[in-house]
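Visitor: Protein chains in written order, with the working numbering: chain D, 1 to 114; chain L, 1001 to 1117.
Cβ atoms here follow ideal geometry from the backbone N, Cα and C, with glycine treated the same way.
Keep in mind it's a predicted model, so treat the numbers as computed, not measured.
Okay, structure coming up:
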């Protein structure tokens, strides 16, 4: 069975500072995608960023970037210039298997301190 | 364009009753997924449709749960003889549905919060 670990149940960061959320996973696949999703309180799951495993370059979306280490099976999310609207649960979703279902981690609750 | 929609947004029912939860995927998305999310947890996979057929129903907890997608678009998750333990947020997601590639990205609806009293 696929496993994913988010070892930080809660994180907090000062507004405008940088924070990194960690995620490790296990897979036997060699080519796959990984995803970070954000779920604000009482709101729907939103895709933050995706990484293609075959690409050497780490994905970046505005203030969000990943540190993908394929050999270590690590996929961390860095949020720069944190904003109040970044407060949410963040879920790592490592590679789907052939049947494409996502397995989510237990999430990291991010609090932004004004 | 319109995103994934789910109705109702909230459903309160009594133990033993039957409920139906509806999901309208993004137009053109052939893949549709149902997940269940308990409070403080990540979503857990229930079932995945590719077109009209259930490609993987391994996440359905028992035979009280059933889902259909008769025309390859809208899907209904059906729960019979509801139990208090079924209380959760039920999330639907859709994707373009190719085996690999950018089409893998799943887009989620707002969810239906089910409460079984």
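Go ahead and pull the three-state DSSP assignment for residue 84 of chain D.
Guide: Mapped onto the first chain, residue 84 of chain D falls at position 84. Looking at residue 84 of chain D - three-state DSSP - the assignment turns out to be helix.
Visitor: Using a Cβ-Cβ distance cut-off of 9 Å, determine whether residue 85 of chain D contacts chain L.
Guide: Residue mapping note: residue 85 of chain D aligns to position 85 of the first chain, counting from 1. Closer than 9 Å: no.
Visitor: Can the beta-carbon of residue 1046 of chain L be found less than 9 Å from the beta-carbon of residue 1059 of chain L?
Guide: Taking the first residue of the second chain as 1, we reach residue 1046 of chain L at position 46. Taking the first residue of the second chain as 1, we reach residue 1059 of chain L at position 59. Going by C-beta atoms, residue 1046 of chain L is nearer than 9 Å to residue 1059 of chain L.
Visitor: Anyone know if the C-beta pair for residue 54 of chain D and residue 47 of chain D falls short of 9 Å?
Guide: Walking along the first chain from the start, residue 54 of chain D turns up at place 54. Walking along the first chain from the start, residue 47 of chain D turns up at place 47. No.
Visitor: For a cutoff of 9 Å on Cβ pairs, would you count residue 1108 of chain L as touching chain D?
Guide: In the second chain, counting from the first residue as 1, residue 1108 of chain L sits at position 108. Cβ-Cβ to chain D under 9 Å: yes for residue 1108 of chain L.
Visitor: Between the segment 17-27 of chain D and the segment 71-89 of chain D, do three or more beta carbon pairs fall short of 8 Å?
Guide: yes
Visitor: Pop quiz: residue 1143 of chain L and residue 1106 of chain L are said to be a contact at Cβ under 8 Å. What is the actual Cβ separation, rounded to whole angstroms?
Guide: Shown here, chain L extends from 1001 to 1117; a query on residue 1143 of chain L therefore has no answer.
Visitor: In the DSSP assignment, the beta strand (DSSP E) including residue 64 of chain D goes from what residue to what residue?
Guide: Within the first chain, numbered from 1, the residue matching residue 64 of chain D stands at position 64. 64-69 is the span of the beta strand (DSSP E), which, as asked, contains residue 64 of chain D.
Visitor: Could you list the residues in the segment 37-57 of chain D with a C-beta less than 7 Å from some C-beta on chain C, going in chain order?
Guide: Looking for chain C here will not work: the only protein chains present are D and L.
Visitor: Taking the alpha carbon of residue 108 of chain D as the reference point, which residue from D:26, D:92, D:29 has its own alpha carbon closest?
Guide: The count along the first chain starts at 1 and reaches residue 108 of chain D at position 108. Taking only the C-alpha atoms, the option nearest residue 108 of chain D is D:92.
Visitor: Kindly indicate the opening and closing residues of the beta strand (DSSP E) around residue 1006 of chain L.
Guide: In the second chain, the residue the question calls residue 1006 of chain L occupies position 6. Residues 1005-1007.
Visitor: Check residue 1084 of chain L in the structure and name its three-state DSSP category.
Guide: In the second chain, residue 1084 of chain L corresponds to position 84, counting from 1. Helix, per DSSP.
Visitor: What residues of chain D sit near residue 1042 of chain L, judged by a beta carbon separation below 8 Å?
Guide: Start at 1 with the first residue of the second chain, and residue 1042 of chain L comes out as number 42. 91, 104, 105, 106, 107, listed in chain order.
Visitor: Give the straight-line distance between the Cα atoms of residue 8 of chain D and residue 1071 of chain L, rounded to the nearest whole angstrom.
Guide: As a first step, residue 8 of chain D must be located in the first chain, where it is residue number 8. As a first step, residue 1071 of chain L must be located in the second chain, where it is residue number 71. The alpha-carbon atoms of residue 8 of chain D and residue 1071 of chain L are separated by roughly 42 Å.
Visitor: Indicate whether residue 1043 of chain L and residue 11 of chain D have their beta-carbon atoms separated by less than 9 Å.
Guide: For the purposes of this step, residue 1043 of chain L is taken as residue 43 along the second chain, with counting starting at 1. For the purposes of this step, residue 11 of chain D is taken as residue 11 along the first chain, with counting starting at 1. Not closer than 9 Å, so no.
Visitor: For a quick check, are the C-beta atoms of residue 968 of chain L and residue 1024 of chain L less than 9 Å apart?
Guide: Here chain L covers residues 1001 to 1117 and nothing more, so residue 968 of chain L does not appear.
Visitor: Taking the C-alpha atoms as reference points, what is the distance between residue 71 of chain D and residue 31 of chain D?
Guide: The count along the first chain starts at 1 and reaches residue 71 of chain D at position 71. The count along the first chain starts at 1 and reaches residue 31 of chain D at position 31. Cα to Cα, residue 71 of chain D sits roughly 12 Å from residue 31 of chain D.
Visitor: Measure the alpha-carbon distance for residue 1061 of chain L versus residue 1003 of chain L and round it to whole angstroms.
Guide: By 1-based counting over the second chain, the position of residue 1061 of chain L is 61. By 1-based counting over the second chain, the position of residue 1003 of chain L is 3. Taking C-alpha positions only, residue 1061 of chain L is separated from residue 1003 of chain L by approximately 27 Å.
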